[in-house]
Structures are given as C-alpha cells and as structure tokens.
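Undergrad: Sending over a structure as structure tokens; questions will come in a sec.
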Amino acid sequence: MRKVHLFAAALAVAAVSPVFAQSFNFDTDQSASFTTTIASSTNDAAANYNYDYSTHVQFNGPAVTIPTAPNSTGGTTRGVRLAANTINVGDTTDVDAVAIYPTVAPPVGSNWEMVFDTWINYNGPAAGGSGSTQGIIFGAADTTAVQPKLSAGPITGTGFYFSLMAEGGASQDYRFYNGTSSIAASTTTAGISWFGFPGTDSVAAAYNHLNSNWQTFFAAPADLPPGVFETAGAPGKQWITVKMSVAGSNVTIGIKRPGDTTFTTVGTATVVTGAVQPFVGYSDINTGQASPIGDFNDQFAVFDNLSVQVVSDASGWTIYN
Ligand SMILES: [Ca+2]
Ligand SMILES: [Ca+2]
Ligand SMILES: [Ca+2]
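My numbering applies: residue 6 is where the sequence shown begins, and numbers increase by one.
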C-alpha cells in the first residue's frame, strides 16, 4: 500500500514538472542563449535580440502600432526582430533567411513543444505592397548549422519546418518542408494537412490564403482600424501565438488568434525524427527586393515569449519500469 502511494506521488510531480523547459521573453538581450544562422551568401539577413517593437513606424501602408505581446507581462514591448533581404540595398544575389536556435541542452525529447508569440509585419496595405511576400519559418533540425529558407531548393540537413506568409502574397502561403540529409524544399510535400485538407494529396490549394479555411480562420474584421490585422486569410500585422507540438514523428500546429483562449489546430504533419534543434526564423521567398527602399523597414517579424519544453519523456520513466 505504501509503495502505491509513493508511485502516485511521483506521477503527480512528473505531471506538473516538465523534464526540460527553457523560455525567453527578450526583455533583455538574450542573444547569448541562441545560435543565429543566416542563410545568405551576402549576409543579407539579421536578428535584433532586444528590439523595442513599440518604436516601429510603418513606412508604407496604414499606420501600425505593435502592442505588447499576448504572453508578455507588465506591458513590455521588447522581442527579437528578424529581417531578410532588406539589410543590403540592391542585393538580389540569393534567397535570404535567418534562423535562431535556442541553445537547448539537453536535446529535446521525443515529446516536446515550442510556443511563441509572433507579429509578422509587411509593407503596404491589405495584401501587401511591392515585394512584400515574406514569412516566418519554424521547426527543428539536426544541427544549428542548417540554414532553413524558402523557395531555394533542398537544404542540406535533417529536419522539418513550416512557414506562414505575412500577407497571403504567395500561391502557397502555408508551407511544410521535411527531409533526411536534404530537407526537401517542396510546397506540396505529402505528410502535411492544413485543416485536414488535402490529406496525403499534393494539391496545393489548401496552402493558399484564399482557401476558405484560412479565410474563415483569419477573417477580415468588419472595420479596419489602422495598426491592426488587415489581410483576410493571412496572419500578418497582428499578434498570434503558435504552438508546435512534436510527438515522435507527429507534429501538430496550433494557433491562438487575438482574443482566443485556446489553440486551434491548423495543421498536422508527419516529420523525420532526429531533429532536436528547434528554431524560429524569417525568410524571403525570392531574391527580389521591395521598392522603394523605405519599405524595407516594414518587412520583418517579431518573436516574443519563446519557450521550448519537453512535455513528456519516456526516458524519464525508466525508474518506474
Ligand atoms: Ca518581450
Ligand atoms: Ca538579398
Ligand atoms: Ca496567396
């Protein structure tokens, strides 16, 4: 009887105490806890780890005011700002991207999750402006040397990642990349299902912001006050919270929109195993740059309140086996 009680007590403790957890609010410069990996032969991407996003002044399009992130406390307004293909004026050499890997140790377990707030900004009004189509990326790789980027052919490394385009400007705004040794840069890779569609098909329609599921999920507001969300079907210019839950080779993507109290599952995917280095990032999808130059200031994503935690780890239970 006594043995049973001890076992129950151990279970209760394990249930409320993640095996591993790491979180960042970026209210101070936490760059020392990250590896910054830039996918650009010309270094045309950047990470600012202590950016005061309340200072952003929109150059092109309706005025934008970025408030404190949904999971911040005390109204703080600092996060990590990622930008790509806007650092070197006139540089259209290659597709640019930047990824930041929290220096997680020990490596994440078989069941883990990453959660973050993100504001994906863009130049121009609803549907964007010149060269506005860029997006966030998030996933995991086998090493921090992997340089995830969009529309650039296979990427050397093992891992997977997802992308969300800011303003629906691509024919495939919701993407999935996955692979061993070479992460396949295909927008129609089997194994992803957005809102349960298209399953194992390679039909790309579900990846477009014009798809009815995305139009409903990111519905256009009845009015369009300046500084808030403005493009139906796309996540940009508002705070969303993303949760990527990994259970072995199964990944679930959940999103909280402004005001949501629970995550809505928007995607499920089958991924390679062995990707133990989580990352978030930002990428252009082509080599061209926005014009005029002032638009560069509007092209970025902010991440705040990033956490990575092992939610259950079979290895931690060996003592009870
Ligand atoms: Ca913050
Ligand atoms: Ca460039
Ligand atoms: Ca689109």
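Glycine is no exception: its CB is placed at the ideal position from the N, C-alpha and C atoms.
Being a predicted model, the structure only gives us computed values, none of them experimental.
(1) Does at least one heavy atom of ligand 1 sit under 7 Å from the Cβ of Asn310?
(2) Ligand 2 and Thr138: does the residue's C-beta get closer than 7 Å to at least one heavy atom of that ligand?
(3) With a threshold of 7 Å, establish whether the CB of Asn55 neighbours any heavy atom of ligand 2.
(4) Check for me: the alpha helix (DSSP H) holding Thr221 runs from which residue to which?
(5) Kindly list the residues whose CB is nearer than 7 Å to the CB of Lys248, restricted to its own chain and excluding five residues on each side of it in sequence; keep chain order.
(6) For the beta strand (DSSP E) that Ile141 lies in, which residues bound it at each end?
(7) Specify, as a first and last residue, the run of the beta strand (DSSP E) that Asn53 falls within.
(8) Around ligand 3, which residues pass a check of Cβ closer than 5 Å to any of its heavy atoms?
(9) Counting only the same chain and skipping the five closest in sequence on each side, list residues whose C-beta sits under 6 Å from that of Trp219.
(10) For the structure I just gave you, are there three or more beta carbon pairs, one from the region 150-167 and one from the region 52-66, closer than 8 Å?
(11) Report the rounded CA-to-CA distance for Ile43 versus Val113, giving the unit in angstroms.
(12) According to DSSP, which residues form a beta bridge with Lys334?
(13) Should Asp147 and Thr292 be called a contact, given that it needs their Cβ atoms to be closer than 8 Å?
(14) Can you find a heavy atom of ligand 1 that lies under 7 Å from the Cβ of Ala175?
TA: Concretely, from the data shown:
(1) Between ligand 1 and the CB of Asn310, the shortest heavy atom gap is smaller than 7 Å.
(2) No.
(3) Taking 7 Å as the cut-off, one finds no heavy atom of ligand 2 near enough to the beta carbon of Asn55.
(4) Looking at the DSSP string, the run of the alpha helix (DSSP H) that includes Thr221 is 217-222.
(5) Correct list, in chain order: Glu118, Val120, Gly259, Phe268.
(6) Residues 139-146.
(7) Asn53 -> beta strand (DSSP E) spans 50-57.
(8) Of all residues, those with a beta-carbon under 5 Å from at least one heavy atom of ligand 3 are Gly173, Asp178, Asn213, His214, reported in chain order.
(9) Same-chain partners within the cutoff: Gly238.
(10) Output reads no: the region 52-66 does not touch the region 150-167.
(11) In this structure, the CA atom of Ile43 is about 23 Å from the CA atom of Val113.
(12) The structure shown does not extend to residue 334, since the chain is modelled only from 6 through 326, so no value can be given for it.
(13) Not a contact, by the Cβ cut-off of 8 Å.
(14) No.
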